[in-house]
Amino acid sequence: MAIEVDYRFPPGVDAQKQAKVIAVGQTVGTWDARFADREETLRSHLAEVVKGITEPDGSSLVTISFPEANVENDISSLLTMIFGKYSMAGAAKVMAVRLPEHYGRRPKLGIKGIRERLGVDKRPLIMAIFKPALGLAADDHAAILQEVASAGLDIIKDDEIMADLEVAPTLKRLQACRQVLDTVKQQTGRTVLYAVNVTGSAHQLIEKARLLVREGANALLLNVLTYGFSVLDALAADPEINVPIFAHPALAGALCAAPDYGMAYSVVLGALMAHSGADAVLYPAHYGSLPFDPKEEAQIRDSLRSRNVFPVPSAGIHPGIVPQVLQDYAQEVILNAGTGIMDHPDGSGAGVKAFLEALEYVQQGQSFQPEILPQGALRRAIEKWGIGN
5 MAIEVDYRFP
15 PGVDAQKQAK
25 VIAVGQTVGT
35 WDARFADREE
45 TLRSHLAEVV
55 KGITEPDGSS
65 LVTISFPEAN
75 VENDISSLLT
85 MIFGKYSMAG
95 AAKVMAVRLP
105 EHYGRRPKLG
115 IKGIRERLGV
125 DKRPLIMAIF
135 KPALGLAADD
145 HAAILQEVAS
155 AGLDIIKDDE
165 IMADLEVAPT
175 LKRLQACRQV
185 LDTVKQQTGR
195 TVLYAVNVTG
205 SAHQLIEKAR
215 LLVREGANAL
225 LLNVLTYGFS
235 VLDALAADPE
245 INVPIFAHPA
255 LAGALCAAPD
265 YGMAYSVVLG
275 ALMAHSGADA
285 VLYPAHYGSL
295 PFDPKEEAQI
305 RDSLRSRNVF
315 PVPSAGIHPG
325 IVPQVLQDYA
335 QEVILNAGTG
345 IMDHPDGSGA
355 GVKAFLEALE
365 YVQQGQSFQP
375 EILPQGALRR
385 AIEKWGIGN
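Heads up: the sequence shown begins at 5 in this note's numbering, then just goes up one per residue.
In structure tokens form, the structure reads like this:
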């Protein structure tokens, strides 16, 4: 089967010429008479320009079909082929990548598996982030977790900036928080996931992840774009790492934000993540604190869901935008909030309760206007952050 890639070239670029450069230069290249007897085989590795259109703004969109035989069923060799050195050749942006259904790796757990582990199947999941991101000791993390877990939180994660630091080594954070998770389970019967940030050098990462799982980690967080898609693939493939992997989008802006260079967010955080083994993928929500295109957000959501990967809209999420999120996502979504939980006027536990109340109010079709809301966690959140973005 073939791999199709859409490239956009800005006005003034000879798109057909550049497409042919990609089709040849990013595959077999050229050959001379020495290899005439192998010409048929060599041609089978060439890509083909299958379509080209001119957009109303004068830019060009070209579709190139690559032989699947040229790559290794992974994302790293795929990226090397479809963009590789050509990414340094001039203005061009990868707008879409269409992969065969069998390509890459599916999530080990995904939407269905995460819900089964939590025992929650009828509503969006609520996720928090440890804040402050740095400077807290392991006991501080445990105290925060105790407050939010007791309030009904489903998932908490390390901040992506939180590495294996002396002030709170990863294993000590896990050990302190594991006690809280066990206590909550014993007292309430509820499971809460803690996505521990996996960091370190390449030769340590996989064994470090195995160690964390052996020591009780029930979820992992990975900065996929800084450590590489191959690391995500290795974690997802390892039978000892039988916990969900949450993929963070750190560095995505450097790859995606330029209008005429790099790759679309929907490619990097949607299509590629969906074929890399992630169980849940974080990305900016258009009604959050980072500028984001609603169309790209919808494309990411749909790409992830098509392969049972949980979409996790993030950055600036607070209880007042829950109606918008549910309109866009319905139930299959994880609401990921940092300050929207941790900075609630009445504490982080109230922040969790505000989200749970918001879900109930939306389900019941009730208004979020603060003058109508009864006194409580949701009203206090709306008074602070407002309704909508």
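All residues carry an ideal CB built from backbone N, CA and C; glycine is no exception. Computed from a prediction, not measured in an experiment: that's the story for all the values here.
- By the Cβ-count criterion, A275 is buried, with 16 or more other Cβ atoms from all chains shown falling within 10 Å of its own Cβ.
- Secondary structure of D306 (DSSP, three-state): helix.
- Under the three-state reduction of DSSP output, T67 falls in the strand class.
- The criterion of a C-beta distance shorter than 8 Å is satisfied by V285 and V313.
- For F296, DSSP assigns no beta-bridge partner whatsoever.
- For the 8 Å CB-CB criterion, H207 and I79 do not form a contact.
- Here L225 is near E164, since their CB atoms are less than 8 Å apart.
- Here P323 really is in contact with A362; their C-beta atoms are around 4 Å apart, less than 8 Å.
- Listed in chain order, the alpha helix (DSSP H) runs fully inside the region 169-243 are 174-192, 206-218, 228-231 and 233-241, counting runs of at least 4 residues.
- Burial state of V217 is buried, judged by a 10 Å Cβ sphere holding 16 or more other Cβ atoms.
- DSSP places I7 in the uninterrupted beta strand (DSSP E) bounded by A6 to F13.
- Put simply, of T195, G16 and I160 the residue whose alpha carbon is nearest the alpha carbon of R119 is T195.
- The beta carbons of M267 and A251 sit no closer together than 8 Å.
- The criterion of a C-beta distance shorter than 8 Å is satisfied by A223 and L197.
- Inter-residue distance for I7 and E72 is about 6 Å (C-alpha atoms, whole angstroms).
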